[in-house]
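Note that my numbering numbers the sequence shown so that position 293 is 342, with each residue one more than the last. Written below as structure tokens is the structure these notes are about.
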Amino acid sequence: KSLPNGTDFTEFRQAGWRGLNFAIIDGAHHYHQPTDTLENLDSRSLQHLGDTALNVARAIAESDEDLSAPSSDAIFFDVLGQSVICVPASWNIPIRIVLLFVAVRIYGGPLLRDKRYRDVVRVWVTMALLLPLMMGLGWVFSQSIYGSSLLPKAFVPHGHWISLLEWIISLAICCGLMHGMLRRIDGQTVWWALWLAHAATCVVVSYFIPAFSYLLSVPAMFAIVATLSIRSPLLRTAVVACLCGVLLIPLHHLLAIALGPANGLLLFPAFSLLAMPLLPAFACHSNFACHPDNVQPAKT
């Protein structure tokens with residue numbers, strides 16, 4: 050739709066079929082360079098690419114199914130590269146609204162009963178600060194190294210290591226900010242406020258960036274199940290954070306390959322998504338220490 054000129058999908062579009070695309074995205078420092086040769090491609094990746102294309106061609110030739118492009122859009126994502134989940138795009142917002150309704154029932158009631166409104170606002174401010182802060186820091190970091198001997202151009206052979214460094218830096222800064230903002234707030238309050246805001250954000254993202262929304266809604270579903278089945282806030286946080294890591298870390302790796310370490314403006318906020326489920330871990334988990342009457346004034 051957005052690229053009417055010749056693309057990898059041209060033949061499929063002319064046939065009225067759904068588009069299928071195959072690409073090797075790693076090793077971008079060779080792309081459109083004299084070194085862009087078969088010798089500089091991983092033989093395993095090349096074999097996998099050929100096998101996949103051949104299997105698709107056979108499936109098309111032998112299939113009795115209608116291969117025409119559907120009249121409506123769909124949203125799809127893979128599960129650890131093993132299978133693909135595909136749902137009609139029209140389901141997107143209704144599913145997220147149901148998710149928000151469940152979140153309001155589970156998290157909204159306790160927050161209203163506790164009446165710790167200032168703490169809730171502090172949690173939400175922390176969440177709101179992470180995205181612009183990470184975008185700014187990511188831009189500063191990538192601009193400071195771009196053009197240097199460390200990163201002379203957008204894609205370099207050692208780009209994976211620079212991206213790993215960016216991943217570590219972004220998570221460390223997020224953790225530092227969360228500790229500073231949330232260390233005096235009760236962990237249960239942080240959990241409720243975090244996932245209530247998270248569910249609301251899912252609805253907004255589903256409207257504006259529908260293909261991206263599963264990265265928020267799947268963790269929100271993990272959190273609902275954990276809330277209903279695990280009593281310990283710290284254990285609950287650890288379980289959800291690990292599940293989110295399984296979902297997000299492979300995507301982080303692919304993003305780093307596709308965008309390159311010079312794109313810190315986009316990579317840092319993407320990496321910071323992994324820190325969001327950790328918010329309750331940086332809150333206070335001692336009832337005595339969390340009580341406002343027991344917070345000791347700073348000594349001068």
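Glycine included, C-beta positions come from ideal geometry on N, C-alpha and C.
DSSP places aspartate 163 in the helix class (H, G or I) of the three-state scheme. Shown here for phenylalanine 331: same chain residues with a beta carbon closer than 6 Å to its own, the five before and five after excluded, namely Met227, His228, Leu231 in chain order. In this chain, cysteine 293 is not harboured by any beta strand (DSSP E); it is covered by the alpha helix (DSSP H) spanning 282-308. For serine 321, the enclosing alpha helix (DSSP H) starts and ends at 313-321. Just measuring C-alpha positions, the residue of Leu264, Leu297, Thr250, Val239 sitting nearest threonine 276 is Val239. Secondary structure note for serine 132: its beta strand (DSSP E) is the uninterrupted segment 132-137.
When the beta-carbon positions are compared, isoleucine 273 and valine 172 stay at least 8 Å from each other.
Judged by DSSP in its simplified three-state form, phenylalanine 125 adopts strand. Within the model, the alpha-carbon separation for alanine 72 versus alanine 319 is close to 22 Å. When the alpha-carbon of isoleucine 124 is set against those of Pro259, Pro159, Val205, Val288, the nearest one is in Pro259.
If you look at leucine 90, you'll find it isn't in any alpha helix (DSSP H); DSSP assigns it neither H nor E. Distance between serine 191 and leucine 297, taken at the CA atoms: about 22 Å. DSSP lists Asp235 as the bridge partner or partners of cysteine 333. Contact between valine 252 and arginine 154 does not hold, since the beta-carbon distance rounds to 15 Å and is not under 8 Å. Between isoleucine 306 and isoleucine 109 the beta-carbon gap is near 28 Å, outside 8 Å, which marks them as no contact.
Within the segment 183-245, the runs of alpha helix (DSSP H) at least 4 residues long that lie entirely inside it are, in chain order, 208-231. Contact check for glycine 187 against glycine 65 fails: the beta carbons are separated by 8 Å or more. Around the Cβ of asparagine 89, a 10 Å sphere holds fewer than 16 other Cβ atoms; the residue is exposed.
Per the C-alpha coordinates, the member of Ala248, Ser281, Arg280 positioned closest to proline 268 is Ala248.
Straight through space, the alpha carbons of leucine 303 and glutamine 131 are spaced by roughly 16 Å. Contact annotation: proline 206 and histidine 301 have beta-carbon atoms that are not nearer than 8 Å. Contact check for cysteine 293 against leucine 323 passes: the beta carbons are separated by less than 8 Å.
The C-beta separation of proline 329 from glycine 196 comes to about 41 Å, leaving the pair out of contact by the 8 Å criterion. In the DSSP assignment, isoleucine 258 falls outside any alpha helix (DSSP H) and carries neither an H nor an E. Take valine 174, set aside five residues on each side of it, and the residues of its chain with a beta-carbon closer than 8 Å to its own are Met230, in chain order. Exclusion of the five residues before and after aspartate 127 leaves Val133 as the residues of its chain whose Cβ lies within less than 7 Å of its Cβ. Where serine 278 is concerned, the enclosing alpha helix (DSSP H) starts and stops at 263-278. Of all alpha-carbon atoms in Met183, Cys224, Trp241, the one lying nearest the alpha-carbon of leucine 149 is that of Trp241. Short of 7 Å from the beta carbon of proline 137, and not among the five residues preceding or following it, lie these beta carbons of its own chain, in chain order: Ser121, Ala123.
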